[in-house]
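Shown next, in C-alpha cells, is the structure this report addresses.
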Amino acid sequence: MAEVRGRDTWTEELASLMEDSGVRYGGDPNASSAASFEVRRSVYAPQSESVESGESLKEQALGFVMAWCEILLELGRGFRDILRQNLMNEDSYVVRKFGGPCSKVSKRLRFLNDFLPEDRDPVHAWSVVLFVFILALAAISVDPSREAGAPVMKVRKHPPSASRVQLPDGRFMAYHEQGVSSETARFSLVAPHSFLSSRLAGLPGVKTSLLEEYGIRLITYDLPGFGESDPHPNRNLNSSAMDVLHLVNAVNVTDKFWLMCHSSGCIHAWAFLRYIPERIAGAAMLAPMVNPYDPHMTKEETKRTWEKWLPRRKMMYSLARRFPKLLTFFYRKSFLPEQHDEIDKLLSFSTGKKDKLVIEEPEFEEFWQRDVEESVRQGNIRPFIEEVVLQVSNWGFDLKELHVQKKCQARGILLWLKSMYSQADCELAGFLGLTHIWQGLDDRVVPPSMMEYIERVLPEAVIHKLPNEAHFSYFYFCDQCHRQIFSTLFGTPQGPVERQEETAFEEAKEVEVLQIPS
-16 MAEVRGRDTW TEELASLMED SGVRYGGDPN ASSAASFEVR RSVYAPQSES VESGESLKEQ
44 ALGFVMAWCE ILLELGRGFR DILRQNLMNE DSYVVRKFGG PCSKVSKRLR FLNDFLPEDR
104 DPVHAWSVVL FVFILALAAI SVDPSREAGA PVMKVRKHPP SASRVQLPDG RFMAYHEQGV
164 SSETARFSLV APHSFLSSRL AGLPGVKTSL LEEYGIRLIT YDLPGFGESD PHPNRNLNSS
224 AMDVLHLVNA VNVTDKFWLM CHSSGCIHAW AFLRYIPERI AGAAMLAPMV NPYDPHMTKE
284 ETKRTWEKWL PRRKMMYSLA RRFPKLLTFF YRKSFLPEQH DEIDKLLSFS TGKKDKLVIE
344 EPEFEEFWQR DVEESVRQGN IRPFIEEVVL QVSNWGFDLK ELHVQKKCQA RGILLWLKSM
404 YSQADCELAG FLGLTHIWQG LDDRVVPPSM MEYIERVLPE AVIHKLPNEA HFSYFYFCDQ
464 CHRQIFSTLF GTPQGPVERQ EETAFEEAKE VEVLQIPS
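Printed below as a string of C-alpha cells:
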C-alpha cells in the first residue's frame, strides 16, 4: 500500500506536464480542486499579461496582410521567372509563333514613345497607361445617374414585314413605302436611314395626308445588314449608291428622284450625289454629317467639331479610325442588349434644350424603341462597325467634287487658252441639282461647324440656319417643320397626279405618233 501511495496521482502527473507551473500536489484529495485552480491561474495569467503588453489586434491583422502581400509578390516574381525561362526564350513555341507579328506591331506603334518623358521606361509607362485605360472603360460603363426604380423596356422581336427586292448580286434589300402610289406620284423621295436606325424611320411622324397633299411617294430602305436587308461583305459608299440605283429601278421610279437624309444617313446621300447625279433632282439634308477626319476641314472647324462631343464618342470614332475590331466589345454591349437604353446614353452624345423635350415625349420613345428593335433584328454587330468605319474613313471622293464648276478636257497652255474662248471643250461638273441644308445651331451631335465647312466648299448649297433648334427637334414629330421642308422643295402643293393628266399625256403621245409621215 505504501508503494501505491508513493506513486504520483493523476493530478500530479498533469501538473508535471505544465511548463514552469511550480505546483506540487500532496495526497490530500480535498486540495486537488484548489491546486488545479492554482495551476490554471499560473498558466494563463502570463498569457493575458503578454497580450496586454504586446501588439494590438489591428497591428497583428495589418502584419498578417503585409506578410501575405510579400508572399504573393514573391510568388508573382517566381511565375515571371518561370515564364521568362520557358516561354520567352528564342526556342519556345510562343516566341516562334507570335514573335514576328508582335515585333511588327511594336515597330508600328513605336512612334507613341515620343509622347513619353525621356526618363520613363516605355514598357513600364505603357503598362500603367493600359491599366488606367481599363479602369476608365470600367468607369464609363457605369451610369450612376440612372434611377434605380426607372422602368426598363425589353427589346422585342417582331415578325418580318418589309417588302424586298433582289439585287443583281443575289442579295435582298428591304424597303418601305409611304404616301401615294407609284402611278400617281408627283415626286419620289428616297431616304437612307442614319446609324442604329432602319427603314421604319423615314421622316419620323410625317402625316400621310401631308404626303398626299404634295403628291409624294416616300421610299425608305434598310442598309445592308440592318433590318431585313442582307449584309454586304465588302460594302462602301459606291456600292451603297449602286444598291439604291437598283432599288429605284425595281420599284418603278422612272423619273429623277429627290433625296432626304438626317445626320449620319447623309453620308450615303453624299455618295448618291457623287456617283449617280443624273438620277437625282435635288436633296434635302437635315444636320448632315461629314467625315470628322476630312483633311480639307480647317483646324478651327475641326476643333469646334470635336469639342462638342463627349469623351466616349471621341473614343469610339478614334477606335473606328485605327482599331475598328475593338468596337465589337462596346457595340455588342450597347446595341445588342435585352433591354432598351436612353438614346443619349446609347449613342454617346449630349442633347440640346429642345432635344431634351423631344426625347422625353412618349411618342418619340415608342417610335425610337421600335426603330432600334428593327435595326438590330439580325443580331449581327458587324454592320454597325462597318457603318461607323464608313463615317470616319476615306470616302473615295471629296465634298468639293460636288461643287459646280467648269471642267475642260484641254491639256497644255495653248489648249487651255483656247478653252477660255470656246465652250465646246468644257462642261459643267459637280452636282447640278438643288441642295437644301437645315442645321440647328444648338446641335451637339452634328455640330454647326460641319455645316460651315459644307457652306465653304459648296457655296451653291442653300443653308437654312435654325437658331433655336437642336439635332432632333426639327426632324422628329414636327408637322410645321415637315410642311416647311416640302414647301421649300416642291413649292405650292398640287396633290398626286390625276388619272386625267396621265390620259391626256398618253393621248398627246399617240397623236404625235400618228402625225409622223410613214
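Number 229 in the working numbering belongs to position 246 of the sequence shown; there are no gaps in the numbering. Note that beta-carbon positions come from the ideal geometry of N, C-alpha and C, so glycine has one too.
Item	Value
Same chain, Cβ closer than 6 Å to Ala264, five either side skipped, listed in chain order	Lys239, Trp241 and Gly416
Pair within 7 Å by beta-carbon distance, Arg505 and Phe380	Any answer about residue 505 is impossible in this case: the structure gives the chain only from -16 up to 501.
Euclidean distance between Cα positions of Gly478 and Gly198	4 Å
Endpoints, beta strand (DSSP E) assigned at Ile199	Ile199 to Tyr204
Reduced DSSP category for Gly5 - H, G, I as helix; E, B as strand; rest coil	Residue placement at Gly5 is poorly supported in this model, since its pLDDT is 47, which falls under 50; the coordinates are not used for a value here.
Burial state of Leu58 (16 or more Cβ within 10 Å)	exposed
Beta-carbon proximity check, Ser223 vs Met156, cutoff 7 Å	no
Length of the line joining the Cα atoms of Val138 and Thr311	20 Å
Length of the line joining the Cα atoms of Trp421 and Val387	20 Å
Neighbour-count burial assignment, Gly474, 16 or more Cβ in a 10 Å radius	exposed
Asp354 beta carbon less than 7 Å from that of Ile184	Contrary to the premise, residue 184 reads as Ala rather than Ile in this sequence. Taking 7 Å as the Cβ cut-off, Ala184 and Asp354 qualify as a contacting pair.
Reduced DSSP category for Ser33 - H, G, I as helix; E, B as strand; rest coil	Note on Ser33: pLDDT 44, under 50, position unreliable in the model; the coordinate value appears next. Of the three classes helix, strand and coil, the one that applies to Ser33 here is helix, per DSSP.
Rounded distance between the beta-carbons of Ala252 and Pro175, thought under 8 Å	6 Å
Cβ distance (whole Å) where Glu507 is taken to contact Gly423 below 8 Å	Since the displayed the chain opens at -16 and closes at 501, residue 507 lies outside it and no answer follows.
Coil, strand or helix - Glu21 by DSSP	The predicted model places Glu21 with a pLDDT of 46, which falls under 50 and marks its position as unreliable; any figure quoted below should be read in that light. Three-state result, Glu21: helix.
Buried/exposed call for Pro275, threshold 16 Cβ in 10 Å	buried
Backbone CA spacing between Lys87 and Ala303 [nearest angstrom]	21 Å
Identity of the residues DSSP links to Glu410 by a beta bridge	Lys390
Residue nearest to Gln149 in terms of C-alpha spacing, selected from Pro271, Pro143 and Asp226	Asp226
Limits of the alpha helix (DSSP H) - the one that Gly59 falls within	Leu40 to Asn69
Where the beta strand (DSSP E) through Leu158 begins and ends	According to the sequence provided, residue 158 is Tyr. The question's Leu does not apply to it. Run containing Tyr158: Phe155 to Gly162, per the beta strand (DSSP E) assignment.
Phe20 versus Arg63 - alpha carbon distance	Confidence at Phe20 is low in this model, with a pLDDT of 42, below 50, so its placement is unreliable and no value can be given for it.
Status (buried if at least 16 other CB within 10 Å, exposed otherwise) for Ile117	exposed
Ser177 in three-state terms, based on DSSP	coil
Cα-Cα separation, Asp74 to Cys85	16 Å
Sequence-distant residues of the same chain with beta carbon closer than 7 Å to Tyr457, five excluded per side	Leu269, Trp421, Gly423, Leu449 and Cys464
First through last residue of the alpha helix (DSSP H) which encompasses Ala264	Here Ala264 belongs to no alpha helix (DSSP H); instead the beta strand (DSSP E) covers Ile263 to Leu269.
Environment of His159 [buried if 16+ CB atoms lie within 10 Å]	buried
Option in Ile437, Lys389 and Arg218 with minimal Cα separation from Lys383	Ile437
Buried or exposed (CB count within 10 angstroms, at least 16 for buried), Arg200	buried
Environment of Gly10 [buried if 16+ CB atoms lie within 10 Å]	Per-residue confidence for Gly10 stands at a pLDDT of 48, beneath the threshold of 50, marking its modelled position as unreliable; the derived number appears in the next sentence. That one is exposed.
Chain-order list of residues whose beta-carbon lies under 7 Å from that of Thr288 (same chain, five-residue window excluded)	Pro275, Pro430, Ser432 and Met433
Extent of the continuous beta strand (DSSP E) run through Lys448	Val445 to Leu449
Range covered by the alpha helix (DSSP H) that runs through Leu417	Not the alpha helix (DSSP H): Leu417 falls in the beta strand (DSSP E), residues Leu417 to Gly423.
Three CB pairs or more closer than 8 Å across the segment 242 to 249 and the segment 275 to 285	no
DSSP-derived helix/strand/coil call for Phe240	strand
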